[in-house]
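The structure appears below as structure tokens.
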Amino acid sequence: MRTDVVTGAFSYSGAAIARQLRAKGHRVRTLTGHPGRAPADTDIDVRPLAFPDPDPAAGPAAGPAAGAATDALARDLSGAHTLYCTYWVRFSHGDVTHQAAVKNSRMLFDAAARAGIQRIVHVSITHADPASPYPYFRGKGEVEEYLKATGVPYAIVRPAILFGGNGVLINNIAWLLRRLPVFAIGGRGDYRIRPIHVDDLARLAVNLGGNEDNVTLDAVGPESVTFKDMVTAIRSATGSHAIIVPAPGWLIPPLSAALGVALRDVLLNAEEYQAMAAGLADSQGPATGQTVLTEWIAQHGQELGRTYANELTRHYR
28 MRTDVVTGAF SYSGAAIARQ LRAKGHRVRT LTGHPGRAPA DTDIDVRPLA
78 FPDPDPAAGP AAGPAAGAAT DALARDLSGA HTLYCTYWVR FSHGDVTHQA
128 AVKNSRMLFD AAARAGIQRI VHVSITHADP ASPYPYFRGK GEVEEYLKAT
178 GVPYAIVRPA ILFGGNGVLI NNIAWLLRRL PVFAIGGRGD YRIRPIHVDD
228 LARLAVNLGG NEDNVTLDAV GPESVTFKDM VTAIRSATGS HAIIVPAPGW
278 LIPPLSAALG VALRDVLLNA EEYQAMAAGL ADSQGPATGQ TVLTEWIAQH
328 GQELGRTYAN ELTRHYR
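The opening position of the sequence shown corresponds to residue 28 in my numbering, with each subsequent residue numbered one higher.
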């Protein structure tokens, strides 16, 4: 029976990929930064995803500690066929930065090559570009370039926004719409987004894991909608009476930051808003997922936003 490795098999996209692999009869091993969160009855082989602590002088992937970490990762990857890499950081938090994530990703890919991994399926982002002005997209672009140079056969899937399951973005918009009398959107809200359901992403990733060619493609659903239309659809589905109002784009990050302080979380940072407003959450590529966003919202409106999904709690507390 084939064994595949998934980073973060108890998180979000990683959990969806693990479910798909198990449905196909594959054994699943996970490298996770939170091994203590694994269910007691899981049949997934749980190993730690451990990187050296950041060193301000040498960088997080330099020195003997990095070599030892790479050796340990290679041992934990040994004997597996495909590595499904969902590892990344959404935003910088303390010593956890996008540049640290780039160096850690390089270390992981080096370990995979050393371990004899036969294929790497990497979850990136639409419009990833080493020359991007946005650290998230720039870092993802740097990681893509490094993966291509390893010599390990690869598939790079580029989602823009994920929904479904225990996703954060749409749920938390719904949570706010249920509780606030006014919901502000940047400008006219006419910037478009092309989300994909997390299970569609997982199916795409697992299918590509069974191929041999090197490929990079956008992981996007069949529907491109404006941000305002998405918020309006969530408002309707949840029965919210909040008034959707336009606000100057520069005002959205500080408003989100103020709400984040109250919620002890990060809702939407400046880079995320600016990149979305610049069209980087959209794609002209063919649909690689089947689930229609607005139809899904209408079907799940009664459950959306009942509880708040705290990103900092999920990953750092």
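C-beta atoms are modelled at their ideal positions from N, C-alpha and C, and glycine is treated no differently.
None of the values given here were measured: they were computed from a predicted structure.
From the options, residue whose alpha carbon lies closest to that of residue i
i	options	result
PRO180	THR124, ASP226, LEU110	LEU110
GLY237	GLN47, TYR39, SER40, SER38	GLN47
ALA305	LEU228, VAL225, ASP217, LYS255	ASP217
ARG102	GLY191, THR69, ALA138, THR113	ALA138
GLN317	LEU307, MET134, LEU331, VAL247	VAL247
PRO160	SER263, ALA297, THR321	ALA297
CYS112	LEU228, ASN199, ILE188, PRO162	LEU228
LYS255	PHE136, HIS327, VAL73, MET303	MET303
ARG230	SER40, GLU239, THR265	SER40
Cβ neighbour criterion (16 or more within 10 Å) applied to residue i
i	result
ALA36	buried
PRO83	Legend: pLDDT at PRO83 = 46, less than 50; position of this residue unreliable, no value from coordinates given.
ASN193	exposed
PRO186	buried
ARG64	exposed
VAL242	exposed
HIS149	buried
ALA158	exposed
VAL288	exposed
TRP277	exposed
Collapsed DSSP secondary structure at residue i in the structure displayed
i	result
GLY213	strand
VAL179	coil
ARG219	strand
VAL148	strand
PHE37	coil
Separation of residue j from residue i, as counted between CA atoms
i	j	result
ALA42	VAL123	22 Å
ILE212	PRO273	5 Å
GLN329	ILE270	19 Å
GLY86	ALA127	Low per-residue confidence applies at GLY86: pLDDT is 48, beneath 50, and the placement is therefore not dependable, though the value from the model is reported in the following sentence. Looking at the two C-alpha atoms, the distance is approximately 8 Å.
HIS108	TRP115	21 Å
LEU174	GLY332	37 Å
Quick check: the region 212–227 against the region 246–259, are at least 3 beta-carbon pairs closer than 8 Å? yes
Report yes or no: do three or more beta-carbon pairs, one from the region 319–339 and one from the region 285–293, lie closer than 8 Å? yes
Closer than 8 Å is the cut-off here; do at least three beta carbon pairs connect the region 73–80 with the region 95–103? Inter-segment contact for the region 73–80 and the region 95–103 is present: three or more beta-carbon pairs are separated by less than 8 Å.
Is the region 167–175 touching the region 142–156, taking contact as three or more C-beta pairs under 8 Å? yes
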